[in-house]
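For the sequence shown, numbering that gives the first Met the number 0 begins at 0 and goes up steadily by one.
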Amino acid sequence: MTITDRTHDPALRSWVASANLPGADFPVQNLPLGRFRRRGVDEPLRVGVAIGDQVLDLKLAAAQCPWAEEIHPLLEPLAAGDLAAFMALGRPAWKALRAALSAALAEGSDQGPFLELCLLPQSQAEMALPCRIGDYTDFFAGIHHARAAGALFRPENPLLPNYQWVPIGYHGRASSVIVGGGSVKRPHGQVRTSTEVPRFGPSRRLDYELELGLWVGVGNPLGTPVTMAQAEQRLFGITLLNDWSARDLQAWESQPLGPFLAKSFATSVSPWVVSFEALAPFRRPLTRPEGDPDPLPYLDSDFNRAHGAIEITLEAWLQTARMRKQGLPAVRLSRSSALDAYWTPAQLLAHHTSNGCNLNTGDLLGTGTLSGAQPGQGGCLLELTRGGREPLTLADGEQRALLEDGDTVTLKAWCEAPGAVRIGLGAVSGTVAPA
Ligand code: MN
């Protein structure tokens with residue numbers, strides 16, 4: 000079964016020169032959507048397409064460029080800044096717009112001279128959240144994270160027996176999801192002490208979590224579960240997601256009901272939503288270790304076995320305040336792959352709705368921390384430092400067990416494969432501000 004089309008052709012180049020540079024995150028094969036306005040200008044948000052180091056403004060493009068008749072109704076909500084209304088239209092609309100944008104931005108396009116006037120350098124764009132997020136759920140799909148985190152508390156029994164059967168998740172907080180680039184204030188909370196009275200004060204064990212965010216395009220009515228076959232059709236796209244975590248608050252509050260205030264103070268996402276269409280060349284078979292059980296039938300499909308996983312490389316980088324002052328660049332903390340996830344995006348969506356729970360357009364699902372099994376592949380400091388017991392020594396000699404004020408964490412991700420043009424998700428940064 001072929002899941003790619005001419006929009007993925009590696010020979011395609013864009014008339015936007017920066018899109019053709021090797022290593023560019025946003026070549027013409029990517030075409031992610033995001034909401035923005037011109038920095039410093041008081042104007043309504045509109046949706047744009049990232050191309051090279053530019054943004055194609057779809058409000059201007061809808062008004063100033065000729066398009067095929069069937070494309071106008073698709074551009075209308077985007078020009079109005081309503082990405083959710085476009086996401087709700089479903090896969091045929093997403094594919095039609097992608098094909099039209101691919102043709103318009105490709106070298107030799109008749110639309111080039113019109114669209115050239117609709118570009119804005121990304122450095123001059125102020126990005127907003129892709130849409131209003133109704134609900135946010137965070138999963139635990141990274142088995143190496145589950146095992147490494149479990150080993151800190153239960154060395155003899157790191158992986159609980161439900162893990163290989165049920166995608167574990169909890170209901171997160173949508174109101175505190177922010178688009179990256181700003182600061183994240185160290186939260187206050189209750190922390191266990193050596194006496195029986197807990198302390199209330201600033202968290203001393205702040206961490207990040209390297210995750211992907213999955214954006215629901217088409218929702219389902221209450222009481223009507225989404226099958227695995229339908230799940231692939233309803234997921235719109237992905238971003239990076241940093242699930243900031245206060246480990247000391249988490250350890251005290253989460254027994255027995257799970258994470259609460261340790262997570263809900265902030266979750267950062269990257270601004271450009273990379274569509275599942277763009278990810279087609281990087282889809283891979285779902286593989287499980289020998290001897291692991293097959294998923295139950297409601298979490299299984301031929302397509303998921305053949306193409307359910309996605310090959311995405313993920314990295315976390317750190318620049319401390321001292322490094323910034325000395326002009327030192329950020330250092331890489333980890334590199335891991337989304338192929339190590341135990342559950343696929345479709346399985347997370349199908350499982351979430353399997354009890355009849357309704358998801359809505361614009362809902363956000365976090366994958367959970369995506370770690371590998373090897374040293375240097377842990378997707379959070381909890382793993383990289385074994386719960387703070389083995390602090391990292393950074394290039395400038397500083398040590399880190401957990402995040403300090405002034406630390407900037409940057410997550411990056413991209414896809415590479417033979418026969419395909421590399422595409423990137425961009426990056427999401429956040430700097431820890433004092434409590
Ligand atoms: Mn998480």
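No residue lacks a Cβ here, since even glycine has one placed at the ideal position from N, Cα and C.
| query | result |
| --- | --- |
| Should residue 368 be listed as close to the ligand MN, given that the test is whether its C-beta is under 8 Å from any heavy atom? | yes |
| Using DSSP's beta-bridge definition, name the partner residues of residue 125. | 36 |
| Buried or exposed: where does residue 27 fall if 16 or more other Cβ atoms within 10 Å of its Cβ makes it buried? | buried |
| Specify the secondary structure class of residue 275 as computed by DSSP and reduced to three states. | coil |
| Could you check which residue in 188, 193 and 211 has the C-alpha nearest to that of residue 203? | 188 |
| Check whether the Cβ of residue 208 lies closer than 8 Å to any heavy atom of the ligand MN, and answer yes or no. | yes |
| Expressed to the nearest angstrom, what Euclidean distance is found between the alpha-carbon atoms of residue 119 and residue 52? | 9 Å |
| Can you check the region 134-163 for any beta strand (DSSP E) of at least 3 residues that lies completely inside it and give the ranges in chain order? | 135-138 |
| Restricting to runs no shorter than 3 residues, where is the beta strand (DSSP E) found entirely within the region 24-95? | 32-37, 45-50 and 53-56 |
| If the criterion is Cβ atoms closer than 9 Å, does the pair residue 239 and residue 424 meet it? | yes |
| What's the call for residue 363, buried or exposed, on a 16-neighbour Cβ count within 10 Å? | buried |
| Does residue 342 come out as helix, strand or coil in the three-state DSSP assignment? | coil |
| Indicate the three-state DSSP secondary structure (helix, strand or coil) for residue 3 in the structure shown. | coil |
| Quick one: Cα of residue 340 to Cα of residue 63, how far? | 44 Å |
| Which of the three DSSP states is assigned to residue 400 in this structure? | coil |
| Write down the C-beta distance between residue 308 and residue 333 rounded to the nearest angstrom, noting that I regard them as a contact closer than 8 Å. | So it is not a contact: roughly 20 Å between Cβ atoms. |
| Please classify residue 232: does DSSP put it in a helix, a strand, or coil? | helix |
| Using DSSP's beta-bridge definition, name the partner residues of residue 120. | 53 |
| Under the DSSP definition of a beta bridge, which residues are partnered with residue 241? | 209 and 267 |
| Are there 16 or more other CB atoms within 10 angstroms of the CB of residue 408, so buried, or fewer, so exposed? | buried |
| Could you check if residue 486 belongs to the surroundings of the ligand MN, using beta carbon to heavy atom distance under 8 Å? | An answer regarding residue 486 cannot be provided, because it is not within the stretch 0 to 434 covered by the chain. |
| Could you check the C-alpha separation between residue 167 and residue 255 for me, to the nearest Å? | 14 Å |
| Within the present structure, is the beta-carbon of residue 139 separated from the nearest heavy atom of the ligand MN by less than 8 Å? | yes |
| Can you tell me whether DSSP reads residue 259 as helix, strand or coil? | coil |
| Using beta-carbon positions only, say whether residue 31 and residue 272 come within less than 9 Å of one another. | yes |
| Spatial neighbours of residue 103 within its chain, please: C-beta separation below 7 Å, excluding the five flanking residues on both sides. | 110 and 114 |
| Give me the Cβ distance between residue 359 and residue 134, rounded to the nearest whole Å; I'm assuming they're in contact under 8 Å. | 7 Å |
| Could you have a look at residue 101 and say whether DSSP puts it in helix, strand or coil? | helix |
| Which whole-angstrom value is the C-beta distance of residue 98 and residue 73, which I expect to be below 8 Å? | That belief does not hold up - the Cβ atoms of residue 98 and residue 73 are roughly 11 Å apart, past 8 Å. |
| Quick one: does the C-beta of residue 247 sit closer than 8 Å to a heavy atom of the ligand MN? | no |
| May I ask you to check if the CB of residue 333 is nearer than 8 Å to at least one heavy atom of the ligand MN? | no |
| Look at the Cβ atom of residue 377, then the Cβ atom of residue 86, and state whether they are nearer than 9 Å. | no |
| Taking buried to mean at least 16 other C-beta atoms within 10 Å of its own C-beta, is residue 71 buried or exposed? | exposed |
| Between the Cα of residue 212 and those of 306, 176 and 29, spot the shortest distance and give me the residue it belongs to. | 176 |
| Could you tell me if the beta carbon of residue 365 falls within a distance shorter than 8 Å of some heavy atom in the ligand MN? | yes |
| Provide the residue span of the beta strand (DSSP E) that contains residue 302, from first to last. | No beta strand (DSSP E) contains residue 302, which is instead part of the alpha helix (DSSP H) from 301-306. |
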